[in-house]
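Colleague:
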Amino acid sequence: MRTLSLAPKRVFAASFLLLALSLAGVPAAAQAPAAAPAAEASASASLPAITPVPAPGASAAKKSADTVDNPYGIEALWKGSDNIARAVLILLAIMSIGSWYIMITKLLEQSKMNRHARTVDKQFWQAATVSNGAGSLEKNSAYRFIAEAGVQATTDHGGLKSHIPMNDWIPMSITSAVDRVHATTQSGLAFLATVGSTSPFVGLFGTVWGIYHALTAIGISGQASIDKVAGPVGEALIMTAIGLAVAIPAVLAYNWLAKRNKAVMDEVREFADELNAVIVGSAGKAA
Numbered sequence: 000m001r002t003l004s005l006a007p008k009r010v011f012a013a014s015f016l017l018l019a020l021s022l023a024g025v026p027a028a029a030q031a032p033a034a035a036p037a038a039e040a041s042a043s044a045s046l047p048a049i050t051p052v053p054a055p056g057a058s059a060a061k062k063s064a065d066t067v068d069n070p071y072g073i074e075a076l077w078k079g080s081d082n083i084a085r086a087v088l089i090l091l092a093i094m095s096i097g098s099w100y101i102m103i104t105k106l107l108e109q110s111k112m113n114r115h116a117r118t119v120d121k122q123f124w125q126a127a128t129v130s131n132g133a134g135s136l137e138k139n140s141a142y143r144f145i146a147e148a149g150v151q152a153t154t155d156h157g158g159l160k161s162h163i164p165m166n167d168w169i170p171m172s173i174t175s176a177v178d179r180v181h182a183t184t185q186s187g188l189a190f191l192a193t194v195g196s197t198s199p200f201v202g203l204f205g206t207v208w209g210i211y212h213a214l215t216a217i218g219i220s221g222q223a224s225i226d227k228v229a230g231p232v233g234e235a236l237i238m239t240a241i242g243l244a245v246a247i248p249a250v251l252a253y254n255w256l257a258k259r260n261k262a263v264m265d266e267v268r269e270f271a272d273e274l275n276a277v278i279v280g281s282a283g284k285a286a
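Here the sequence shown stands for residues 0 to 286, numbered as in numbering that gives the first Met the number 0.
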């Protein structure tokens, strides 16, 4: 009888609890598992956070990608510039290539003339006549050209030229040959002087144009943060660096080659004076 009396009370309590939950708006299906997410949240909060470890090759791959896709290099400058900036780069490249070509060719030419000067001392002055001495020299030698000019002056003295005294005609012919040799040694130096004096201004023009182009693009986009300005302006300044890189070697090469030319021509003029003395002193018989 006591057990039966408790059953209505339990049924009443359960009915009252369901009624209260239904009035609060909680579905009956969600009442039982409602405590599970709270328990899982508390358990996850108590566990320490685990940071994912990158793969060993991930950092290397990222660095290589950054190296290949450099947004501030010359490649980016070429791709992001317009036709005027590209024309400036091409002009500077032509100046640089021409300067280095002249440097190498003039250095080889001067070295060859120094070798010919040593040959003159060993072979030319030991010959019996000027013609024989000239034949012992190399065909492309400046000294042979001057010697043959002196020999030709003794025979080419007819017509109106016969009115010129032989003692004046021979020195004139030899001096004319020396002047031609000097003009040959000076060829190319004017280009070096031009490149050395103008390439910095060409690079500066490219810089000004690049900065103008970059600022115009920034103004149109409306983004003037430092990361947006540094890239285009830095690329434009590369133009000035390229201009200086072209000008400095050209100026140094011009001064160095001009000094070497002076030394070479001093030996050529000394040879010409001695040759003139031999031909004039022998009245053309030694030719």
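Ideal Cβ placement from N, Cα and C applies to all residues, glycine included. Predicted, not measured: the structure shown is a model, and the values here were computed from it.
Rounded to the nearest angstrom, what separates ILE210 and VAL194 at their Cα positions?
Modeller: Computed Cα separation, rounded: 24 angstroms.
Colleague: By a C-beta neighbour count over all protein chains shown, 10 Å radius and 16 as the cutoff for buried, is SER281 buried or exposed?
Modeller: Under this definition SER281 is an exposed residue.
Colleague: Identify the continuous alpha helix (DSSP H) that holds GLU147 and give its terminal residues.
Modeller: Looking at the DSSP string, the run of the alpha helix (DSSP H) that includes GLU147 is 141-154.
Colleague: Take MET102 as the anchor and find which of SER161, ARG85 and GLY187 has the nearest alpha-carbon.
Modeller: Selected option, being the one with the closest Cα: GLY187.
Colleague: Out of ALA235, ILE83, SER98 and VAL87, point me to the one whose CA is closest to VAL245's CA.
Modeller: Residue SER98 is the option with its Cα nearest to VAL245.
Colleague: Quick one: is ALA286 buried, meaning 16 or more other Cβ sit within 10 Å of its Cβ, or exposed?
Modeller: ALA286 is buried by the Cβ-count criterion.
Colleague: With burial defined as no fewer than 16 other Cβ atoms inside 10 Å of the residue's Cβ, what is the status of PHE123: buried or exposed?
Modeller: Label assigned to PHE123: buried.
Colleague: Contact defined as beta carbons within less than 8 angstroms: I believe ALA192 pairs with TYR253. What is the distance between those atoms, to the nearest angstrom?
Modeller: At roughly 5 angstroms, the Cβ-Cβ gap stays under 8 angstroms, so ALA192 and TYR253 are in contact.
Colleague: ILE219 to ALA213, Cα distance in whole Å?
Modeller: About 10 angstroms.
Colleague: Pick helix, strand or coil for ALA290, following the three-state DSSP scheme.
Modeller: Examination of residue 290 is not possible in this model, given that the chain is present from 0 through 286 alone.
Colleague: Quick check: GLY202 and GLY242, are their CB atoms within less than 8 angstroms of each other?
Modeller: Contact: yes.
Colleague: Give the range of the alpha helix (DSSP H) segment to which PHE204 is assigned.
Modeller: Here the alpha helix (DSSP H) through PHE204 covers 188-220.
Colleague: In or out: PRO164 buried (at least 16 other Cβ within 10 Å) or exposed?
Modeller: Classification of PRO164: exposed, given that the 10 Å Cβ count is below 16.
Colleague: Tell whether a beta-carbon distance below 8 angstroms holds between THR206 and ALA235.
Modeller: Yes, Cβ-Cβ distance for THR206 and ALA235 is below 8 angstroms.
Colleague: Taking just the CA atoms, how far does GLN185 sit from ASN260?
Modeller: Cα-Cα distance, rounded: 8 angstroms.
Colleague: Between which two residues does the alpha helix (DSSP H) harbouring SER175 extend?
Modeller: That run of the alpha helix (DSSP H) goes 165-185.
Colleague: Assign PHE200 to buried or exposed, taking buried as 16 or more other Cβ atoms, counted over all protein chains shown, within 10 Å of its Cβ.
Modeller: Exposed, since its Cβ has fewer than 16 Cβ neighbours within 10 Å.
Colleague: If you draw a straight line from the C-alpha of ILE173 to the C-alpha of GLY149, how long is it?
Modeller: Their Cα atoms are separated by approximately 6 angstroms.
Colleague: Enumerate in chain order the residues of its own chain whose CB-to-CB distance from VAL87 is below 8 angstroms, with the five nearest sequence positions on each side excluded.
Modeller: Correct list, in chain order: VAL201, GLY202, PHE204, GLY205, TRP208 and MET238.
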